[in-house]
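Each remark here refers to the structure printed beneath this line.
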Ligand SMILES: [Ca+2]
Ligand SMILES: [Ca+2]
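What follows is the structure, given as structure tokens:
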């Protein structure tokens, strides 16, 4: 049950008996709340009364379930005839839904057969693979290409251990697979000692460099500091401009680290709170990479290539998404910061806020669109179930509803994007937001990799697949 709101304003819900009296019986409908009128996607001034419009699951002619709403402190009680739910709004205006009572009622035949209608036909699936864990499917976390692009490296968690698979990009056939001691949250492919290798960020506090056969090259145990040092993100950046990448790691212990390719620490910076987002971009256009970091609690920080803070601050609770897009002004970028409340802020390269937008629920991913005339739009995935396209300076160009919370979005060379939802659905949109294809997979979508005419899909239930573009 999800409610999209405009941001962090506390909500006041008032009953309206006249509205309720219009509702007709439709008792067997599943309890679904889907608000939402696009007109709500704008900022509201405090203390201005707002009418919340809710569309209850019903038939095409507007008949809706015989539900009642009763006012409760900070929320309301929904009675569906079969179940009762409380909807509680916290101080930030986020809705929490809990079932509080259930009556044993045999389900009636639904008055209207409700079929899920998808906005487009599925695209051709080139291959699928099911990756097993010990007792259940492995939780696949990340898919990256190797240098020759003919092979994909997939990171996985299976219980308390991790697994890495190398798959043939064209057929999905397994070329190699090996286990590592900790669940693999993220990985990058990088040349070490003249040979292509993998660096793994693992949930047991270890950074592991391994050969493509799984042979250990080096292993750094990150120290305990503030919190257990689970590692969530790894990225590459050529910090010293010698043509070879260095390794940037984001850790639960509040620190972001840079290592050289031999595992030697170059710098560390305390970004405050566990790292949840890590991206690399030269935002000031000086030819040196900058490191963008978001944390699970309060902070977003921009570091220069030496690990020194350029700017940052507290933007709200939880930053799972941060990224940069070219803004058409020389080589500089704007920085987008997404917060768990649904607040999305747009900044210039020095951190000045240019615009803000509320989606009402967690921002999960921000990705640049293909560059046009030195400028990039941004795609944004929100837990409210929408994919958005914004200009670099914060103008909403379009938004599209998915069938479930949007977790992953990736830009395509044609200017469109692919998006993955929590219910395992993968959507392709063109640059104007027209839906071109929809494919369904088992598990929630954890990563998408568009490459060479196909998008590679990995899910939380061990499915790896390729969908033709
Ligand atoms: Ca370098
Ligand atoms: Ca720079």
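Numbering (this note's numbering), first residue to last: 12 to 480. By construction, the Cβ of each residue, glycine as well, lies at the ideal position given by its N, Cα and C atoms.
Chain-order list of residues whose beta-carbon lies under 8 Å from that of residue i (same chain, five-residue window excluded)
i, result
"residue 207", "157, 158, 200, 201, 223"
"residue 464", "479, 480"
"residue 189", "174, 175, 221, 224, 225"
"residue 426", "380, 381, 383, 441, 442"
"residue 276", "231, 268, 269, 270"
"residue 247", "199, 201, 256, 257, 258, 259, 291"
"residue 328", "103, 308, 309, 350, 351, 352"
"residue 299", "250, 252, 293, 315, 316"
Host beta strand (DSSP E) of residue i (start-end)
i, result
"residue 310", "310-314"
"residue 140", "136-141"
"residue 448", "446-451"
"residue 148", "Counting along the chain, residue 148 falls outside any beta strand (DSSP E), and DSSP gives it neither H nor E."
"residue 462", "456-462"
"residue 244", "242-248"
"residue 440", "436-440"
"residue 251", "No beta strand (DSSP E) contains residue 251, which DSSP labels as neither H nor E."
"residue 206", "206-213"
"residue 433", "Careful: residue 433 lies outside any beta strand (DSSP E) and carries neither H nor E."
"residue 470", "465-470"
"residue 222", "217-222"
"residue 422", "417-422"
"residue 173", "172-179"
Closest by C-alpha distance to residue i, when choosing among the options
i, options, result
"residue 141", "474, 479, 437", "474"
"residue 180", "232, 257, 165", "165"
"residue 334", "150, 178, 304, 203", "304"
"residue 347", "278, 187, 288", "288"
"residue 378", "384, 360, 398, 366", "398"
"residue 448", "95, 130, 90", "130"
"residue 135", "285, 451, 192", "451"
"residue 302", "257, 327, 388", "257"
"residue 355", "322, 383, 391", "391"
"residue 216", "233, 210, 309", "233"
"residue 253", "417, 264, 239, 271", "271"
"residue 262", "143, 329, 205, 286", "286"
"residue 339", "238, 209, 84, 402", "402"
"residue 472", "237, 249, 147", "147"
"residue 462", "162, 357, 358", "162"
"residue 185", "244, 385, 143, 319", "143"
"residue 133", "363, 446, 454, 266", "446"
"residue 369", "363, 407, 107", "407"
"residue 424", "237, 245, 439, 322", "439"
"residue 264", "110, 281, 326", "281"
"residue 371", "88, 87, 107, 97", "107"
"residue 237", "412, 357, 283, 228", "283"
Residues near residue i by beta carbon distance below 7 Å, same chain, minus five either side
i, result
"residue 415", "396, 432, 433, 434, 436"
"residue 138", "182, 183, 476, 477"
"residue 343", "294, 295, 296, 360"
"residue 187", "177, 223, 224"
"residue 213", "173, 191, 193, 194, 195, 196, 219, 242"
"residue 375", "331, 332, 392, 393, 394, 417, 418"
"residue 387", "336, 337, 379, 380, 403"
"residue 453", "435, 470, 472, 474"
Residue i - DSSP class collapsed to helix/strand/coil
i, result
"residue 8", "As displayed, the chain neither begins before 12 nor continues past 480, which places residue 8 out of reach and without an answer."
"residue 166", "strand"
"residue 230", "strand"
"residue 196", "strand"
"residue 95", "strand"
"residue 101", "coil"
"residue 88", "strand"
"residue 340", "coil"
"residue 351", "coil"
"residue 475", "strand"
"residue 237", "coil"
"residue 410", "strand"
"residue 159", "coil"
"residue 112", "strand"
"residue 182", "coil"
"residue 107", "strand"
"residue 345", "strand"
"residue 334", "strand"
"residue 425", "coil"
"residue 188", "strand"
6 Å CB neighbourhood of residue i in its chain, flanking five on each side removed
i, result
"residue 460", "154, 467"
Quiz prompt | Every unbroken beta strand (DSSP E) inside the stretch 359-403 [3 residues or more] | solution = 364-369, 374-379, 389-393, 397-401
Exercise. Write down every uninterrupted run of the beta strand (DSSP E) in the stretch 260-330 whose length is 3 residues or greater and which is fully enclosed by it, in chain order.
Key: 266-270, 276-281, 286-292, 301-306, 310-314, 320-325
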